[in-house]
Each structure stands twice: as C-alpha cells, then as structure tokens.
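Participant: Protein chains in written order, with the numbering used here: chain X, 29 to 361; chain F, 29 to 361; chain R, 29 to 361. Beta carbons: idealized from backbone N, C-alpha and C, even for Gly.
1) Between F/224, F/281, F/198, F/237, which lies nearest to residue 229 of chain X when the distance is taken from Cα to Cα?
2) Enumerate in chain order the residues of its own chain whose CB-to-CB distance from residue 76 of chain R is below 6 Å, with the five nearest sequence positions on each side excluded.
3) Check distances from the C-beta atoms of the stretch 278-296 of chain X to those of chain R and list, in chain order, the residues that come in under 7 Å.
4) So with Cβ pairs under 8 Å, would you call residue 3 of chain X a contact of chain F?
5) Going along chain R, which residues have a C-beta under 8 Å from residue 322 of chain X?
6) Under the three-state reduction of DSSP, which class applies to residue 336 of chain X: helix, strand or coil?
7) Rounded to the nearest angstrom, what separates residue 204 of chain F and residue 239 of chain X at their Cα positions?
8) Between which two residues does the alpha helix (DSSP H) harbouring residue 35 of chain X extend?
9) Sorted by chain position, which residues of the same chain lie with C-beta nearer than 8 Å to residue 140 of chain X's C-beta, five sequence neighbours on each side aside?
10) Alpha helix (DSSP H) containing residue 115 of chain R: first to last residue?
11) For residue 364 of chain R, which residues in chain X fall below 7 Å Cβ to Cβ?
12) What does the alpha-carbon distance come out to for the pair residue 123 of chain X and residue 302 of chain X?
13) Residue 182 of chain R and residue 213 of chain R look like a contact to me (Cβ under 8 Å); what is the Cβ gap, rounded to whole Å?
14) How would you label residue 98 of chain R, buried or exposed, when you count the other beta carbons within 10 angstroms and need 16 or more for buried?
15) Give every residue of the same chain whose Cβ lies closer than 6 Å to the Cβ of residue 327 of chain F, excluding the five residues on either side of it in the sequence, and list them in chain order.
16) Distance check for residue 264 of chain F and residue 169 of chain X, CA to CA, integer angstroms please.
17) For residue 267 of chain F, return the contacting residues in chain X, with the cut-off set at a CB-CB distance below 7 Å.
18) Using a Cβ-Cβ distance under 8 Å, would residue 230 of chain F count as near chain R?
19) Could you tell me which residues DSSP pairs with residue 105 of chain F in its beta bridges?
20) Mapping DSSP to helix, strand and coil, what is residue 355 of chain X?
21) Starting from residue 240 of chain F, find everything on chain R with Cβ-Cβ shorter than 9 Å and list it in chain order.
22) Answer with buried or exposed for residue 121 of chain X, where buried requires no fewer than 16 other C-beta atoms within 10 angstroms of its C-beta.
23) I'd like the list of long-range same chain contacts for residue 323 of chain X, defined as Cβ closer than 6 Å, with 5 residues on each side in sequence excluded.
24) Under DSSP, the beta strand (DSSP E) around residue 214 of chain X begins and ends at which residues?
25) Residue ranges of each beta strand (DSSP E) run of no fewer than 3 residues wholly in the stretch 276-338 of chain R, ordered along the chain?
26) Hey, out of X/217, X/336, X/61, X/85, whose CA is closest to residue 285 of chain F's CA?
27) Quick one: grab the DSSP three-state call for residue 93 of chain F.
28) Taking 8 Å as the CB-CB limit, is residue 252 of chain F close to chain X?
29) If you run the structure through DSSP and keep just helix, strand and coil, what is residue 129 of chain X?
30) Any heavy atom of the ligand FMN closer than 7 Å to the CB of residue 240 of chain F?
31) Please identify the residue among R/262, R/243, R/52, R/255 whose C-alpha is closest to the C-alpha of residue 269 of chain R.
32) For the stretch 329-352 of chain X, which residues have a beta carbon sitting closer than 9 Å to at least one beta carbon of chain R?
33) Please classify residue 113 of chain R as buried or exposed, where buried requires at least 16 other C-beta atoms within 10 Å of its C-beta.
34) Closest Cβ-Cβ distance between residue 243 of chain F and chain X: below 8 Å?
35) Note down, in chain order, each residue of its chain lying with its Cβ closer than 7 Å to the Cβ of residue 73 of chain R, except the 5 sequence neighbours on either side.
36) What does residue 154 of chain R touch in chain F if you count any residue whose Cβ is under 7 Å from its own?
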C-alpha cells in the first residue's frame, strides 16, 4: 500500500513523499523502511530522531523542528487528531485476524443431542464438549478443548478460547471474549463449620451471569452464587488471574487488572478502575467511579468516588502523606 | 410443596397460613410469593419489612413485632433453632443436583489398558485421559477433558471437574472435589544455581497426597514434592487460585481463602483459618488454630494460636495499634 | 545397589560398611535402613542422631563426633565436596523418569494438515490439537489435551504438559518445559476508553517469544504483545501462577517465584531473583542483578543491583529500619 493510501485511510494530512510502499506497522524503536509507526505518547518522541521507519503518524501539534534526524533523511509524516486511534485502525488493516477455527462443528467435538446450537456460522473446535440443553448463539466460536456444561448459554458472537470451562447453567452474553484457562461457575467457597471442627459443604446452587461486551482474560475464576447470581455487568473488562467470589456483582464498564481478588457478596460500582493485585473483602460495597491503585487492600465499603490506595485502603493523598511521614521518621533516627 | 410440608421437612414451628404453595427458595431481597427465604444473620433483618417472599425461616428468638411490614401483609414464619442449617436442607431439597455425566466411560475417553477403573458406577466424560496403572475408585466422576496421568490414584466418590490435570503418581482421597483448571502434582520450583549463573533443574521425584474429604477450588496449583510428599490432610478446604509449593503439609480441617500462596516445605497446623491473598514463606511452621487475616504476609514460624495480620504478620491487636499510631502521626503533621 | 557402588557413583569417600544394599533415597527424617539420605543444609544436622537411614551423604567437613547416635549404631557415611549435587545425581539414578507418552502421534490428536511435525521421536498425546502451519521440533513431547494454535512453533526437546494452551504465532524455544494450565499468548489487556465510558478493545497483534531452556510452572499467563513481542529470555525460570503482561521482557537467567505479576511493557534485567507475590507496575525498568523479596511492590524503575523489599519497594536495609522504627513507636504509646 502506498503511503498516500495509508494517509487517506486514517484521514490524515500527508507531509512528504506519498509514493513509498508500506507493508506493515511497527514500534518506533524497531520499525523498518517499509513500516509506518506512530507517536501518541510524548515519551516516545525521543525516538523520532533515530527511527528507521518509512513514515510516522503524529499529532497535528507535533513539532518536527524540535527533533533533528540523525541520518538527515526527511521522514514523511501523517498528521492526525489522535495518533493512537489512527494506529488502532492501521493495526486492524495490516494485521488481518488469523482464522483459528473454520465454520462448522469439528467431528471430534461432543455435543449433547439436547443442546441447541445456532445453525448460523457457528465454529466449534476439536475436542470441545457442549452439555445437555446448553444453548450456543449465532456466530459463536468455541476453540479446541473448551468445555461448556449442561444448560449453559453462550450469546451471539462470543469467542471462547481453548481449555476454558463454563459450568452448568451459567449465562454468557453477546460478543463476550473469554481467554484460555478461565473457569466460569465453579462452586463458591461456602463451608459451614460443624461442632467437631470439620466443615460441611454449603451447596452452591446459583449461577454466573456475564453480560454483553465483557472480556475476561486467561486463568480467571468466577464462582457461581450460593443462590441467585454472580453478575458481571455490560462492558466490564477483566485482565488475567482475577478471582471473583460467589454473589459478587461488578458494575458496567468497570476495568480490573490482573491478580485482583474480590471476596463473596461484594458489590462493585460502575466505571471503576481497579489496579492489579488488589484485594477486596466480602460483603462490602464500592460506589461508582472509584479508582484503586495496584496492590491496595480494601476492607470497608467506599461511598465516595476518588482514588484510594495502601496496604489498608485510604484516600490516596492521605496515604501518600502517611508514607512520607514514616519515611522521614526513619531517616531521623 | 405446601408451606406446612416445608415446615415439617425442617422440623420448624409454623406461624401463619401453611396452605400456600412453595416452589423454590430465594434471597430475602428478591424472593417472590411462591418462594421461602430465611434470616440467619441479623444484618438481613432490615429486609423483613419489605420482602415479597411467601414465608420466612427465622430463629425462634426472632421478634416480629420489631419490624413493621410495609404492605401490612402478615407473612408466615417458620421458627427453627438454626435458620442457616434449615436453609441448607431446603437448598438441597429445592435444587436437585444436575447430572453432569452419565454412568459409564464415554467412548471418546482414552483409558490406558493398564489403568484400573472400578466397575462400580464410575462416570468418565468425553476426551478424558487416564494413564497407565492409574486407579479410579468406586462412584468416581471425571468430567470432560480432565487428565489423570500414569499411576495417579483417585479415591471412591471423588469428583474431578473439567480441565483438571493430575500428574503421575499423585494420590487423591475419598470424596475429594477438585474444580476446573486446578493442577495437582506439577514440578516443585527447584533450581540449583550453576557457577555461570544458569540454573539446573532439581528433579522433582515426590508426589502429592490429598486426603479424604478435601475440596479444592478452581485454578489452584499444588506442586509435587522433591522427594517424599506434599500433603493436604483430611477435611482441608481450599478456595480458588491457591499455590501450594513442594513438600508443604497442611493440617486437618484447615480452610484457606483464594489467592493465598504457601512456599516450599512449610507446615501448617490443624484447624487454621487463612484469609485470601495471604503469603507464607518456605521452611516455617504455623501451629494449630492460627487465624491469618486477608493479605497477611508471614515470614517467621508462629507457635501460638491466635489472630495474626499485617504486611509483616503480627498478633492482630498489636498490628491494629501500630496502624492507629501511624494514622495519628500523619494527621498531626 | 551396594553402598560401595553408591559411593563410587558420586565420587565420594566411604566411611563404614559398604556391603549394605541401598534400594532408594529418602529424607533424613523418614529414610529407612535400605535408603541413603544426605545433609546439605546444617539445619538438618539435628536429625543425624536419630535417622534410620542406611547411610548418609555428608560434606567432607562434617564432624560426626558432634552428634551422638541415639541407637549407638555406627552409620556409614559417604563424604563428598557438595552433598546437594551428589544428592541430585542419586535422585536421577534411583528415580527413573516415568514415560508419560509413547513416541508417535496419538490417533485422537487433531493435527492440521499444514502443520509441520518433526518425524524425529515426537510424542503427541491424546486429544491434543496442533493448528495450521504450527511447527513442532525434534523429540518434542506434547501431553494430553494441550492445545497449540495456528502458526505457533515449539523448539526441539520441549515438554508441554496437559491442558497447556499456546496461542497462534507464539514461539517456544528448545528444551522449554511448560506445566499444566499455563497459557502463552492470550491477549494483552489493552482497552481504549470511549467518550461514553465504554471501552474499545485494542487489537493484540504481537506474539510471545520464549527462548531456550526456560521453565514455566503451572497456571501462568504470559500475554502476547500489542505489536512486537513479549520476551522471556534464555534460562529464565518461572514458578506457578505468574502473570506476565504484554510487551514485558525478562532477562536471561532471572528466576521468579509464584504469584508474582509484572505489568505491561516493563523490562526486567538478567540474573534477577524475584520472590513470590511480588507486584511490578508497567513501563518501568529493573536492572540486572536485582533481588526482590517476597510480597514487594515495585512502582518505580530500579537502576542499582541489590536487595529491595517492602509494600513500596525500598533498599532492604532502609525498609527494615523503617519497620523497626514503626514497631518501637507503637510500643511506646
């Protein structure tokens, strides 16, 4: 594709020679002469002088004069309003999706005869299992060795990666993506203590409901409710190795980074941003719009939006002040 | 089922109209007119005034007069000694177990010809693998895509969920439940440093022994011993994503919440309660009856029962006092 | 095997009766009369007086006189320079490897017709899947139910345990070992916020490259790069449940203990030793030779080798001093 076509594709202003051939996109540090790269974050401007890329997508405000090219080559630019969004478009354009599974049901997949599989462009891979009365929507992809137990439902256009397990009765929304190793609907951790110190299992009879447009990373565990539902609302995005206990509810468009754990019956609001390795105890409520920095532990409800952090969560400003006081104190001694 | 029959089933005293039909159980916040709910925890008494449930199971001490019903309906009660235990009985009654796998060995399962499978009511699902000389006890259920390697042994009535992996030679007791994604017997993390900075793998030749009545959540890892055994004793209950390193031993009836990790050769006593996200270093001993609150890190042996907490574990009272001193200090400045 | 043969095998000096028969190796606490044990760590010397082992491998400096045998039996010794290395040799000798998979491709494995499988001693187990254009090297073992998606490459002598998932295009080096439940190449956690608060998935078009001689424990997640590569360099050893985000790079011979997480684009140096449950934020750099103790959280780049620890990483000496000051402070009040 000619550079001038690239510029047109992303609606940018071409400055320089539009006739060069672009074969791919690349990172500014490593891109070659037939690759286009971009600068969205000013931190990366320092690489401008030395990049070997064929062209650079930059913000309209980007000041070329500031950076002298080391090889004195005049590098073509494409100026756009938002270089990052432009980059996303090019990413899709130059990296077509690998087709991981052909349309149809692989002959080695085992599908219970009472399961309802949409006839519309479904892809079910080798060695998958679909249990009794499970329902699989239109254009769903289930990759090799995934297991969907009895009565589970998968919405249209969902994508289930290999070795995922979805327990009986759980409901997965439309366009949901679930990465490998993730388990949806394992039993909540309910154990009632007997007088002799042993424990009796509390049956976990509820389900998990994952709403539309949720993405769940690899090796997550989302437990089924004791009764009722564990709920992951619309547009929630979960990173890898996240533990969601029974009867938890997570509000719309909340994003959670890796290795975070949320204990039973806790309710998280909408539009929260939760860092990695955060721990949240059970039976509390976090309101909408809360930001928890990485490794924060929350043991009480939070009712005001804002940023919280610390081994025992506090408003971030307060916690950083406390940290500074402690550090000063130990310097004095 | 008539409400009077429900009362009889749980040995409770019916107060009100026993002729109404009960179809299910429900949470007090959401139960409908054909559902029975319960109040075990006083925190939920506040919902009594507004619940739409057909009836409520309460403690014999429950004081109805204290809560005025919003709709002035006189709601039938069933009075029992322990509402929670009564609820567990109803949970079983109204939510019959889904049969996830029929009796027999699915035709797509691969069973080594030297494996010993009990002929008594075993269920082995599609695409399972049972290796050479493995032994499977009576009434064991192995769900789809679980893998049991050579020489492993599974005790009577055990339940192995989909996509579980049990490595060679590991021994699983009777009535053990293992949830999806869990790995039993992966190699312990043993690496000997060579003079040139590279590492040489220390062969891990031991096994994992899981005693009777243990339940293990999803996505846990329990490593095999270097030599000898990693031991999970009788009645231990593990939540999800728990890491148990090589040669660890966990005492009877100890319960551990999600995302906790225990490093190599550490010994945990009986009847301990270990919160979520706890970290315990290797080569130490925790005595019987220790409680570790969530996110506690333990780096030294604990020889007295009691509650411990903190980024560096201390007796909880001491740790909370320390926390208070720090918070005051930073307020003054 | 006679004890004198054992001594010869490990090049040690026999002190005592070499005619006894040795059938196995054992731990000093539990070894029986036909087993040889060892003392490498002085902590275990206390067991010398009471061990029932047939013989003990000890350091040449070991002072027998110091420990009186309880049963007055004169226990044969084998004196060597490094008892631990000698033990490793015996471990291999007495515990031959279990053959987990026969040479050849199991008839239930599904191999895409365009995949390139070496004809040299490859072992591919039941219910495995190998996708289009994937490449499998010489003497590779892929155990039951592992999934290798399109275009992935596995180097010679690699060992892939059951239920591992390797996503499309990822490259695995020679002699790499990957334990069960681990996921290589799941999508990096890239979500761009839309003006309405919803998130748009940033396509993850890069791959993961695992260099030669890497070992990865069970239930780890290593995400693919957005563009370019997530890189695990030669000789890196990862324990279980480790989260490696997109575009991370880990230097040669670095070892990382369980439940540690490293956020996106962070670069870790060579020869680092990272404890369990460590958290490292994204977009920072840790230089060569850094040691992070267990449960440390790192939020800034580290440019000097040394030991760091704490809820917010500091040089360890400084952090321990701070801890001591705090503990004193709360005792006074």
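Facilitator: This is what the structure gives:
1) Position 201 of the first chain, counted from the first residue, corresponds to residue 229 of chain X. In terms of Cα proximity to residue 229 of chain X, the closest of F/224, F/281, F/198, F/237 is F/281.
2) The residue given as residue 76 of chain R occupies position 48 in the third chain. Exclusion of the five residues before and after residue 76 of chain R leaves 95 as the residues of its chain whose Cβ lies within less than 6 Å of its Cβ.
3) Of all residues in the stretch 278-296 of chain X, the ones placed with a Cβ closer than 7 Å to any Cβ belonging to chain R are 281, 283, 285, 286, 287, in chain order.
4) Residue 3 of chain X is absent from the structure shown; chain X starts at 29 and stops at 361.
5) As a first step, residue 322 of chain X must be located in the first chain, where it is residue number 294. Residues of chain R passing the Cβ test: 291, 307, 309, 325, 327.
6) Locating residue 336 of chain X in the first chain gives position 308, where the first residue counts as 1. The answer is strand: DSSP assigns residue 336 of chain X an E or B state.
7) Taking the second chain and counting its residues from 1, the one referred to as residue 204 of chain F is at position 176. Taking the first chain and counting its residues from 1, the one referred to as residue 239 of chain X is at position 211. Cα to Cα, residue 204 of chain F sits roughly 33 Å from residue 239 of chain X.
8) Here residue 35 of chain X refers to the residue found at position 7 when the first chain is read from its first residue. Annotation for residue 35 of chain X: the continuous alpha helix (DSSP H) segment containing it runs 31-37.
9) One-based indexing of the first chain puts residue 140 of chain X at position 112. Counting only Cβ-Cβ distances below 8 Å, and skipping sequence neighbours, we find 158, 159, 160, 161, 162, 178.
10) Here residue 115 of chain R is taken as the residue at index 87 of the third chain, counted from 1. Secondary structure note for residue 115 of chain R: its alpha helix (DSSP H) is the uninterrupted segment 111-122.
11) What is shown of chain R runs 29 to 361, which leaves residue 364 of chain R out entirely.
12) Here residue 123 of chain X refers to the residue found at position 95 of the first chain. Here residue 302 of chain X refers to the residue found at position 274 of the first chain. Each residue's Cα considered, the two are about 30 Å apart.
13) Taking the first residue of the third chain as position 1, residue 182 of chain R is located at position 154. Taking the first residue of the third chain as position 1, residue 213 of chain R is located at position 185. About 12 Å separates the Cβ atoms of residue 182 of chain R and residue 213 of chain R, ruling out a contact at the 8 Å cut-off.
14) For this step, residue 98 of chain R is matched to residue 70 along the third chain. By the 10 Å Cβ count, residue 98 of chain R comes out exposed.
15) The count along the second chain starts at 1 and reaches residue 327 of chain F at position 299. 309, listed in sequence order.
16) Residue 169 of chain X sits at position 141 when you count from the first residue of the first chain. Residue 264 of chain F sits at position 236 when you count from the first residue of the second chain. Cα to Cα, the separation comes out at about 38 Å.
17) Position 239 of the second chain, counted from the first residue, corresponds to residue 267 of chain F. Simply 217.
18) Counted from its first residue, the second chain places residue 230 of chain F at position 202. Taking a beta-carbon distance threshold of 8 Å, residue 230 of chain F counts as an interface residue toward chain R.
19) Walking along the second chain from the start, residue 105 of chain F turns up at place 77. Answer is F/43, F/84, bridged to residue 105 of chain F.
20) The residue you call residue 355 of chain X lines up with position 327 of the first chain. In the structure shown, residue 355 of chain X sits in a helix (DSSP, three-state: H, G or I).
21) Position 212 of the second chain, counted from the first residue, corresponds to residue 240 of chain F. Chain R residues near residue 240 of chain F: none, gap ~22 Å exceeds 9 Å.
22) Sequence index remark: in the first chain, residue 121 of chain X carries index 93 (1-based). It is exposed - the Cβ of residue 121 of chain X has fewer than 16 other Cβ atoms within 10 Å.
23) Within the first chain, numbered from 1, the residue matching residue 323 of chain X stands at position 295. Only 305 meet the Cβ criterion.
24) What you label residue 214 of chain X is simply residue 186 of the first chain in a count that begins at 1. Note, residue 214 of chain X: beta strand (DSSP E), 211-214.
25) Listed in chain order, the beta strand (DSSP E) runs fully inside the stretch 276-338 of chain R are 318-320, 334-337, counting runs of at least 3 residues.
26) Counting from one through the second chain, the residue named residue 285 of chain F turns up at place 257. Minimum Cα distance to residue 285 of chain F is reached at X/217.
27) The sequence position of residue 93 of chain F within the second chain is 65, counting from 1. If DSSP states are grouped into helix, strand and coil, residue 93 of chain F belongs with the helices.
28) Here residue 252 of chain F corresponds to residue number 224 of the second chain, with the count starting at 1. The C-beta of residue 252 of chain F comes no closer than 8 Å to any C-beta of chain X.
29) For the purposes of this step, residue 129 of chain X is identified with residue 101 of the first chain, where counting begins at 1. In the structure shown, residue 129 of chain X falls within a coil segment according to DSSP collapsed to helix, strand and coil.
30) With respect to the ligand FMN, the structure offers nothing, as it holds no ligand at all.
31) To locate residue 269 of chain R, count along the third chain from 1; it is residue 241. Looking at the Cα atoms, R/243 is the closest of the given residues.
32) So the list reads 338, 339, 351, given in the order they occur along the chain.
33) The residue given as residue 113 of chain R occupies position 85 in the third chain. A residue is called buried when at least 16 other Cβ atoms come within 10 angstroms of its Cβ; residue 113 of chain R does not meet this threshold and is exposed.
34) Here residue 243 of chain F refers to the residue found at position 215 when the second chain is read from its first residue. It does; some Cβ of chain X falls within 8 Å.
35) For the purposes of this step, residue 73 of chain R is identified with residue 45 of the third chain, where counting begins at 1. Excluding its 5 nearest sequence neighbours in each direction, residue 73 of chain R has C-beta neighbours in its own chain below 7 Å: 67, 95, listed in chain order.
36) Translated into the one-based positions of the third chain, residue 154 of chain R becomes position 126. Neighbours of residue 154 of chain R on chain F, chain order: 138, 157.
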